[in-house]
Amino acid sequence: MAAREWYNSLSRWYDVIADPFEAPAREAGLKLLDAAPGERVLDIGCGTGTALVELNCAVGSDGVAVGIDLSRGMCRRTSRTLAAADLDPGVVVEGDASTAPFSDGTFDACFASFVLDLFDTPEIPAVLEEWRRVLAPDGRLCVVSLSRREAGLITRLYESIHELYPTYVDCRPLYLRDTLLDVGFEIDAEQVASAWGLPVEVVLARNG
211 MAAREWYNSL SRWYDVIADP FEAPAREAGL KLLDAAPGER VLDIGCGTGT ALVELNCAVG
271 SDGVAVGIDL SRGMCRRTSR TLAAADLDPG VVVEGDASTA PFSDGTFDAC FASFVLDLFD
331 TPEIPAVLEE WRRVLAPDGR LCVVSLSRRE AGLITRLYES IHELYPTYVD CRPLYLRDTL
391 LDVGFEIDAE QVASAWGLPV EVVLARNG
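Numbering (the working numbering) for the sequence shown: 211 to 418.
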């Protein structure tokens, strides 16, 4: 099953299934990004809109926080989440984060939680270059990803399950900090979080 169809089918239940796993590290990432009033922020792979609500509240009426997701079902869920929070439900774009439909330098900051680790390894440099393209000079990128930097038994077990069931266990651990440096980002700050015992890197990078 292709990623788009899988996430369309999952959108109705995603918060129940995935949020307990993702929420602590995602919140750490939002805190590290520290979106400010008046900023233009892109939530990459916005899912059901939980982070996008927080980002919209952070940037306020003078800023804008936009979400992009490959899945139409996720975009619809995000629009409903925003409407329920009395926020503009129209700031959601159905699209591919690897070919983002935005002009160069559109955003002051980008946020991507458990998204980069969905891409195949050979694709990742080009994906990050695309995210750099839509960032303003000196713009910030916060990425939350499963990590291989402190890979132990539980990480190796997870990777084995991923190899057997890549559609259902779709994120995979990365050397996130090193990958960001390799494509030209500068590292401002980083933390190690945990998702059910799996190490997670939370990295704030800058478009140098």
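For every residue, glycine included, the Cβ atom is placed at its ideal position computed from N, Cα and C.
Item checked: Contact set for Val344: own chain, Cβ-Cβ below 6 angstroms, skip 5 residues either direction -> By one-based count along the sequence shown, residue 344 stands at place 134. Ala310, Phe312, Thr316, Phe317.
Checklist line | Distance between Leu240 and Val402 (C-alpha atoms, nearest Å) | finding: Taking the first residue of the sequence shown as 1, we reach residue 402 at position 192. Taking the first residue of the sequence shown as 1, we reach residue 240 at position 30. About 14 angstroms.
Note to self: In this structure, how does DSSP classify Ser221 when only helix, strand and coil are distinguished?
What the structure shows: The residue you call residue 221 lines up with position 11 of the sequence shown. Confidence is the limiting factor: at Ser221 the pLDDT is only 47, short of 50, which leaves the residue's position unreliable, though a coordinate-based value still follows. Coil, per DSSP.
Next item on the list: Using only alpha-carbon positions, find the residue among Asn417, Gly248, Val251, Ile278 that is nearest to Leu338.
Entry: As a working mapping, residue 338 is identified with position 128 in the sequence shown. Measuring C-alpha to C-alpha distances from Leu338 to each of Asn417, Gly248, Val251, Ile278 identifies Asn417 as the nearest.
Notebook entry, point to check: Helix, strand or coil: how does DSSP classify Asp306 here?
Noted result: Counted from its first residue, the sequence shown places residue 306 at position 96. Three-state DSSP puts Asp306 in coil, outside helix and strand.
Notebook entry, point to check: What residues match up with Cys320 in a beta bridge as DSSP calls it?
Noted result: The residue labelled residue 320 in the question sits at position 110 within the sequence shown. Beta-bridge partners assigned by DSSP to Cys320: Leu252, Leu351.
Next item on the list: Taking Glu304 as the reference, give the member of Thr291, Cys256, Thr389 with the closest Cα.
Entry: Taking the sequence shown and counting its residues from 1, the one referred to as residue 304 is at position 94. Among Thr291, Cys256, Thr389, the Cα nearest to that of Glu304 is on Cys256.
Check: With 16 as the cutoff for other CB atoms within 10 Å, does Glu333 come out buried or exposed?
Finding: In the sequence shown, the residue the question calls residue 333 occupies position 123. Exposed.
Checklist line | CA nearest to the CA of Phe324, picked from Ser308, Asp348, Val353, Asp306 | finding: As a working mapping, residue 324 is identified with position 114 in the sequence shown. Measuring from the Cα of Phe324, the nearest candidate turns out to be Val353.
Notebook entry, point to check: Hey, how far is the Cα of Asp244 from the Cα of Arg286?
Noted result: One-based indexing of the sequence shown puts residue 244 at position 34. One-based indexing of the sequence shown puts residue 286 at position 76. Distance between the alpha carbons of Asp244 and Arg286: 26 angstroms.
Next item on the list: Could you pull out every residue in the same chain whose Cβ sits closer than 6 angstroms to the Cβ of Val155, ignoring the five residues on either side in sequence?
Entry: Nothing can be reported for residue 155, as the shown portion of the chain is limited to 211 through 418.
Checklist line | Identity of the residues DSSP links to Leu345 by a beta bridge | finding: Taking the first residue of the sequence shown as 1, we reach residue 345 at position 135. According to DSSP, which records beta bridges pairwise, Leu345 is partnered with Phe317.
Check: Bridge partners of Ser404, per DSSP?
Finding: Along the sequence shown, one-based indexing puts residue 404 at 194. In DSSP, Ser404 forms a bridge with Pro409.
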